[in-house]
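Residue numbers (the UniProt record's numbering): 1 to 201.
We put the beta carbon where it would ideally sit given N, CA and C, even for glycine.
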Amino acid sequence: MLNSVRQRLTAEDRRKQLVGIGLMMLRTQPIHELSIDAVAAEAGISRGLLFHYFPTKRDFYIAVVSAAGRRLLRVTKPDPSLPADEQLRQMLVSFVAFVTRRRDSYISFVRGAAGGDVYVVEIYAETRAGLATRVLDLLGDSAAASEPASTVRMTVHAWLAYVEDLAIEWSGLPESDRPSSAAELVDQAIAALHSLRALAA
Numbered sequence: 001m002l003n004s005v006r007q008r009l010t011a012e013d014r015r016k017q018l019v020g021i022g023l024m025m026l027r028t029q030p031i032h033e034l035s036i037d038a039v040a041a042e043a044g045i046s047r048g049l050l051f052h053y054f055p056t057k058r059d060f061y062i063a064v065v066s067a068a069g070r071r072l073l074r075v076t077k078p079d080p081s082l083p084a085d086e087q088l089r090q091m092l093v094s095f096v097a098f099v100t101r102r103r104d105s106y107i108s109f110v111r112g113a114a115g116g117d118v119y120v121v122e123i124y125a126e127t128r129a130g131l132a133t134r135v136l137d138l139l140g141d142s143a144a145a146s147e148p149a150s151t152v153r154m155t156v157h158a159w160l161a162y163v164e165d166l167a168i169e170w171s172g173l174p175e176s177d178r179p180s181s182a183a184e185l186v187d188q189a190i191a192a193l194h195s196l197r198a199l200a201a
């Protein structure tokens with residue numbers, strides 16, 4: 001019965017299923033270590049059939065990493081009905097929660113970019129740029145998002161790296177050893193942003 005259900009999946013549903021399996025496996029290993037055979041086995045299809053949906057291993061990896069980036073942007077999107085400062089806080093609360101829940105997966109994403117895999121670097125950069133644009137919009141500096149030499153854009157970009165590392169390090173500690181709560185961590189991140197903006201002004 002299970003096989004008959006699987007056979008009824010549309011091509012798009014099958015691609016989503018395979019990417020979903022890739023995302024699940026990404027929780028514990030870097031993207032370049034994902035096993036195509038293991039993904040196909042989990043989906044109940046042959047390795048050859050997987051390549052019917054994704055022509056190359058690289059195509060599959062790109063689809064998985066792109067989905068990881070989209071997921072991060074989606075889950076950290078704040079409620080647009082809130083005031084800008086509350087949206088920023090909500091975005092950061094969601095970001096810290098995301099990193100805490102999916103720490104190994106997120107580190108795999110970051111390390112994949114740090115390792116120099118071109119396709120991962122590009123997707124990671126696009127994801128970071130999307131987050132930076134969102135922050136700039138909330139700060140009332142939307143125009144700076146399209147200006148590579150803008151001081152405020154570079155400041156926000158660097159600040160996001162700080163927040164990312166802070167969240168990774170904090171979430172890696174046992175709860176009893178964390179020097180602050182998640183809310184206090186967010187307060188610290190927001191204070192750092194305002195301090196950096198003042199220095200760059």
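Under 7 angstroms between C-beta atoms of Ile31 and Tyr61
Here residue 31 refers to the residue found at position 31 when the sequence shown is read from its first residue. Here residue 61 refers to the residue found at position 61 when the sequence shown is read from its first residue. Yes, Cβ-Cβ distance for Ile31 and Tyr61 is below 7 angstroms.
How big is the Cα-Cα spacing for Ala198 and Thr151?
For the purposes of this step, residue 198 is taken as the residue at position 198 of the sequence shown. For the purposes of this step, residue 151 is taken as the residue at position 151 of the sequence shown. Spanning the two alpha carbons is a distance of roughly 11 angstroms.
Could you compute how far the alpha carbon of Ser195 sits from the alpha carbon of Val19?
Residue numbering aside, residue 195 sits at position 195 when the sequence shown is read from its first letter. Residue numbering aside, residue 19 sits at position 19 when the sequence shown is read from its first letter. Ser195 and Val19: Cα-Cα distance of roughly 40 angstroms.
Are Ser66 and Ile21 close, meaning C-beta to C-beta below 7 angstroms?
Counting from one through the sequence shown, the residue named residue 66 turns up at place 66. Counting from one through the sequence shown, the residue named residue 21 turns up at place 21. Ile21 sits away from Ser66, with the two beta carbons spaced by 7 angstroms or more.
Distance between Ala145 and Met154 (C-alpha atoms, nearest Å):
Here the question's residue 154 lines up with position 154 in the sequence shown. Here the question's residue 145 lines up with position 145 in the sequence shown. Using only the alpha carbons, I get a separation of about 9 angstroms.
Please list, in chain order, all residues of the same chain as Gly140 whose beta carbon is under 8 angstroms from its beta carbon, the five residues on each side excluded.
As a position in the sequence shown, residue 140 is number 140, starting the count at 1. These residues qualify, in order along the chain: Ala84.
Considering only their Cβ atoms, is the gap separating Met25 from Leu34 smaller than 7 angstroms?
Taking the first residue of the sequence shown as position 1, residue 34 is located at position 34. Taking the first residue of the sequence shown as position 1, residue 25 is located at position 25. Contact: yes.
Please classify Gly69 as buried or exposed, where buried requires at least 16 other C-beta atoms within 10 Å of its C-beta.
Counting from one through the sequence shown, the residue named residue 69 turns up at place 69. The Cβ neighbour count for Gly69, taken over all protein chains shown within 10 Å, is at least 16; the residue is labelled buried.
Three or more C-beta pairs under 8 angstroms: does that hold for the stretch 39 to 51 against the stretch 88 to 95?
With contact defined as three or more Cβ pairs closer than 8 angstroms, the stretch 39 to 51 and the stretch 88 to 95 are not in contact.
Count the other CB atoms, across all protein chains shown, that sit within 10 Å of the CB of Leu131; report buried if there are 16 or more and exposed otherwise.
To locate residue 131, count along the sequence shown from 1; it is residue 131. Within a 10 Å sphere around the beta-carbon of Leu131 sit 16 or more other beta-carbons, which makes this residue buried.
Use the C-beta contact count for Val135: other C-beta atoms within 10 angstroms, 16 or more gives buried, fewer gives exposed.
Residue mapping note: residue 135 aligns to position 135 of the sequence shown, counting from 1. Buried is the call here.
Return the first residue and the last residue of the alpha helix (DSSP H) that Thr127 is part of.
Taking the first residue of the sequence shown as 1, we reach residue 127 at position 127. Looking at the DSSP string, the run of the alpha helix (DSSP H) that includes Thr127 is 118 to 139.
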